[in-house]
Amino acid sequence: MRVGFLPRGARGPRRVETPPAPAGRPADPWLRAALLGAALARPARAEEATVVVRGASAPSPPPKDPSLAGSVIRGERLRAPGLRVAELLRTQPGVGVAESGGYGALSTATVRGATAAQTPVYLGGVRLNDDVAGTADLSLVPLWLTRQVEIYRGHAPLQADRLGIGGAIFFEPRRPRGPEAGAGLMAGSFGARAGWGYVGLGGERAAALAGARFERADNDYAYRNDLGTRFDPSDERVVRRRNADASTWDIWSLGTTALGGGARADLLVNATAREQGLPGLSLFATERARASLRRTLAALRAEAPCGPEGRCALVATTSVLFARAAYDDPLGEAGLGAARSDVGAERVEQALLWRQDVGQRVSVSAAARASVEALAVDGGGRALDARRATGQASISGEWLALRHLTLRALGGLACNGTGAAVAGAAGPSRRLGPCDERVPSARLGAQVGEGSLVALANAGRYARLPTLGELYGVSGVVRGNEGLVEEVGLTADVGARASGRAGPLGEAYLDAFAFVRSVRDLVGYRRSSLGYVVPYNVGRARVAGLEAALGATPLPFLQAELSLTLLDPRDTTPGRDVTNDVLPFQSRLTLAPRVRAFRGPLPRLGLSSASLSASYLHQASRYADPAGLVVLPAQGSFDLEAEVELLGRHIAVRARAANLFDQARFDLVGYPLPGRAAYLALEARWLC
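Printed below as a string of structure tokens:
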């Protein structure tokens, strides 16, 4: 059975897996979802019935592991025209985003002050973090067929192949549910335009969905160039961004089929291709530096019950990722160290997950993974061929110690063997045996309460090996350092989730956590006297903070939300210069309020539904260098979104005004962000 919970006045069902609890165990909806279904990330099935229950407006906790701090984004939040993944994630508590421009520009996510390399990002269960810098480029994540985004803060669920220092982010695609079709067009500021379409076929036993999208943006927005004199506004001038255009093709193919005996198989294939300019810093614009990117990922997933009454489940997944990038810099404008550089990365992984209920109070889950990663670089007078083989085993257990007290534990060990051949190197590169690098991880947690009030606490130890690119380099400008050691982190948090009626606020919820995270041997970069940069293990850092998500439905047609993040990021390396110990590029306050009004059928206007939302994002000032000499000022963005649905919701018209007050915004040093922009989208859809 499937049960959906709706805020009062919402348009359609919000589906949440709630398998029945075994006899004698409490049916806490958050706990049961993790243990008996969503803990193995079982996708929605077309044959399951839908029951709609109108009730609390509280968002559901992250389904893969509800015992962790986290959030879920779904529904209308994913459909705004011109919306980028970076803009979407910025509004979530504990999440930071770094951007380098408009559409198609590199953007990365961090959680609780971790680095982007410490935060794994998954699309359809396949990790996107590359082997060049260890980061995942959010600009290559497609939102148009994304069903929901799951954010795990500080800790990662068992489904992640990295139980990372910086949590994890999962983008879950839509799964085919039967006959359906859709198509849409979008146009907006700075030459933004897009078109997409999809079709789904099938029924209860088998279904398939295929779709494609093309988008392009000129990104020729205006910004203020201070000509390198930040403290002298007299020479500022308004210029337009050059060589920042980007065009992207994105293709999806998904399928699901019943195998008999309650077993099912799912197939996901996603291919992305992008051509774009490399605009450079605002002070040093480029003319002819270009990049082309190609990425293909595929995952085959099979699940089957392995015991009576659904007390045991087994899931096997095979995934592959192929990525190619080519950089052309004929004039040497982008500082790549070569006129052309080609980079290729590959990863093949096999995973097996198993869950077993042992009696009425104990549940055990285990995961085993094996993967092979490869990185090839050709350019700048050097050629690199690096490989890493990894084997990982993890086990977690849950014990219902008392009626309202649940204890959890997780432990894992990864064994790695890394080697490389570097043409032109001064000496032979190191080659390690199959388990010469061991990376242990562990987590302990407790949950008190159930239903509308739950208190949670977690503490863990994690590590991250240097990427192949950090060890061996990716170009003549970015060299490697084979002496790097793994980053090791300790993290702990405590918090609570509460929901229910709150007087004049109506249905309300609060999700609040306090946390602390410390890391040693951080990987950073420094420039040598010869002009190239080399990674090194920096030292130690500590980040403490508070994060909260609040929401209320004071009227049947009105929702209000607030996301708040307070950070205290510090460099705690012994013996360092203490003139400034605040870590750069970290906003110590991020505030994101949002108000949405919506109505159901409006027959007099010929509308099936209508909604209007207003949101604001405030980021406090940030240091742009470790010494604290350059400060990026506080900045914000006010957005408006509107949507109307016609003809029985078969036609949708959406409009969005971004940065309505045209506030000047810069993200990374010298990278201006777009000013005021408007977007309009038209979509037609049919669902049987």
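Last residue of the sequence shown: 1255 in the working numbering, with the numbers rising by one and none dropped.
Virtual Cβ for every residue (Gly too), placed ideally from N, Cα, C.
Since we're looking at a predicted model, the values are computed, not measured.
- Message: Could you give the first and the last residue of the continuous beta strand (DSSP E) run that contains L1057?
- Response: E1054 to R1068
- Query: If you draw a straight line from the C-alpha of A988 to the C-alpha of D952, how long is it?
  - Reply: 5 angstroms
- C-alpha gap between R1243 and E870, whole angstroms: 47 angstroms
- Query: What does a CB cutoff of less than 6 angstroms around G822 pick up in its chain, not counting 5 residues either side in sequence?
  - Reply: A775 and L834
- Item | Span separating the alpha-carbon of D1060 from that of G721 | 8 angstroms
- Message: Rounded to whole angstroms, what is the Cα-Cα separation between V1006 and L695?
- Response: 20 angstroms
- Message: Contact between the segment 1123-1140 and the segment 1161-1174 is defined here as three or more beta-carbon pairs at a separation below 8 angstroms; is this criterion met?
- Response: yes
- Message: What would DSSP say about L707, mapped onto helix, strand or coil?
- Response: helix
- Query: When DSSP builds the beta bridges, which residues end up paired with S930?
  - Reply: D924 and E965
- Given that a residue counts as buried once 16 or more other Cβ atoms are within 10 Å of its Cβ, and exposed if not, what is V910? buried
- Message: I'd like to check one pair, R808 with N543: are the Cβ atoms closer than 9 angstroms?
- Response: The structure shown has nothing for residue 543, since the chain only spans 568 to 1255.
- Task: Could you check what DSSP says for Q1014 in three-state terms: helix, strand or coil?
- Result: strand
- Task: Could you tell me if Q1186 is buried or exposed, where buried requires 16 or more neighbouring beta carbons within 10 angstroms of its beta carbon?
- Result: buried
- Query: Rounded to whole angstroms, how far is the Cβ of G964 from the Cβ of V929, which I believe are closer than 8 angstroms?
  - Reply: 7 angstroms
- Query: Using the beta-carbon count (16 or more within 10 Å), is A577 buried or exposed?
  - Reply: With a pLDDT of only 35 at A577, under 50, the local geometry of the prediction cannot be trusted, and no value is derived from it.
- Query: Going by the beta-carbon positions, is the gap between R679 and L1131 smaller than 9 angstroms?
  - Reply: no
- Mind checking S1019: buried by the 16 CB within 10 Å criterion, or exposed? exposed
- Message: Helix, strand or coil for D802? Go by DSSP, reduced to three states.
- Response: helix
- If we count the other Cβ atoms within 10 Å of its Cβ and call it buried at 16 or more, is D595 buried or exposed? Caution applies to D595, whose pLDDT of 40 falls short of 50 and renders its modelled position unreliable; the value that the coordinates give is listed next. The residue in question, D595, is buried, as its Cβ has 16 or more Cβ neighbours within 10 Å.
- Query: A1194 and N1147 look like a contact to me (Cβ under 8 angstroms); what is the Cβ gap, rounded to whole Å?
  - Reply: 6 angstroms
- Query: Would you say the segment 623-643 touches the segment 745-753, given that touching needs at least three Cβ pairs under 8 angstroms?
  - Reply: no
- Work out the CA separation of V1045 and G828 for me, nearest whole Å. 53 angstroms
- Message: Closer than 8 angstroms is the cut-off here; do at least three beta carbon pairs connect the segment 969-979 with the segment 1013-1029?
- Response: yes
- Query: In the structure shown, what three-state DSSP assignment does N1183 receive?
  - Reply: Inspection of the sequence shows that residue 1183 is occupied by Tyr rather than by Asn. Three-state result, Y1183: strand.
- Indicate whether the contact test is met: 3 or more Cβ pairs, each with one atom in the segment 699-717 and one in the segment 642-656, closer than 8 angstroms. yes
- Residue span of the beta strand (DSSP E) that contains R783, given as start and end: A773 to A784
- Item | Heavy atom of the ligand NAD within 8 angstroms of G649 beta-carbon | Ligands are entirely absent from the displayed structure, and the ligand NAD is therefore not among its contents.
- Message: Within 8 angstroms, do at least three Cβ pairs link the segment 892-908 to the segment 916-931?
- Response: no
- Task: Measuring alpha carbon to alpha carbon, tell me which of T1140, R744 and G986 ends up nearest G770.
- Result: R744
- Task: Would you list the residues sitting across from E870 in a DSSP beta bridge?
- Result: R831 and V882
- Query: Of the residues W711, Y788 and A1024, which one's Cα is nearest the Cα of G778?
  - Reply: W711
- By Cβ distance, which residues of its chain are closer than 6 angstroms to T885, with the 5 residues on each side in sequence left out? L867 and Q917
- Query: If we ignore side chains and look at the alpha-carbon of each, how far apart do V1100 and L1089 end up?
  - Reply: 16 angstroms
- Message: Taking only three categories from DSSP, how would you classify V877?
- Response: The sequence shown places Gly at residue 877, not Val. Note: G877 maps to helix in three-state DSSP.
- Query: Which residues share a DSSP beta bridge with I818?
  - Reply: A779 and A838
- Task: Kindly list the residues whose CB is nearer than 6 angstroms to the CB of A1251, restricted to its own chain and excluding five residues on each side of it in sequence; keep chain order.
- Result: A750 and I1218
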